[in-house]
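Residue numbers (full-length UniProt numbering): 1 to 150.
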């Protein structure tokens, strides 16, 4: 069970706002309370941004994505960490060329991209341990581009 909200608004001839907000109460109906979490199902997510196009040959925007903490297993004893990451980009068009700059993770937020609750055991351990395994999210990163349209 959940609810979604989307908004798109054109502020003027070149400036646009967008946002998507999602809330869900994700639980398995066949399991007892407290054991009925659906692994990695977030209860709250949102994305959005402010974009501009064709403003004196410039275009670009700033965008965010948010994912709430969420259960990593059925009893919620292990939690997958949520995150809030902001990206931005700017482009300049000149004749058939586009020059661009993109910044990922503008505020250098530490975040985990892929997260799973898995069992692991070292060679000298007698019992396995259930814990979070993850792929770190991209740190602050700048990339540039030059493209030609023909």
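Built from N, CA and C at the ideal position, the CB exists for glycine as well. Small disclaimer: the values here were computed from a predicted structure and weren't measured.
Would you please state the rounded distance, in angstroms, between the beta carbons of residue 105 and residue 82? I believe it to be under 8 Å.
About 15 Å; that fails the 8 Å criterion.
I want to know whether the stretch 89-109 touches the stretch 136-150 - three or more CB-CB distances under 8 Å.
Judged by Cβ distances under 8 Å, the stretch 89-109 makes contact with the stretch 136-150, as three or more pairs qualify.
Opposite residue 46 in the DSSP bridges: which residues?
21 and 66
Taking the CB atoms as reference points, tell me whether residue 57 and residue 93 lie closer together than 8 Å.
yes
Run through the DSSP bridge pairs and tell me what residue 145 is partnered with.
100
Can you tell me which residues form a DSSP beta bridge with residue 37?
27
Are the Cβ atoms of residue 183 and residue 136 separated by less than 8 Å?
Summary: the structure shown does not reach residue 183, with the chain confined to residues 1 through 150, and so no result is reported for it.
Could you say which of 2, 118 and 117 lies nearest to residue 24 if we only look at CA atoms?
Of the residues 2, 118 and 117, the one whose Cα lies closest to the Cα of residue 24 is 2.
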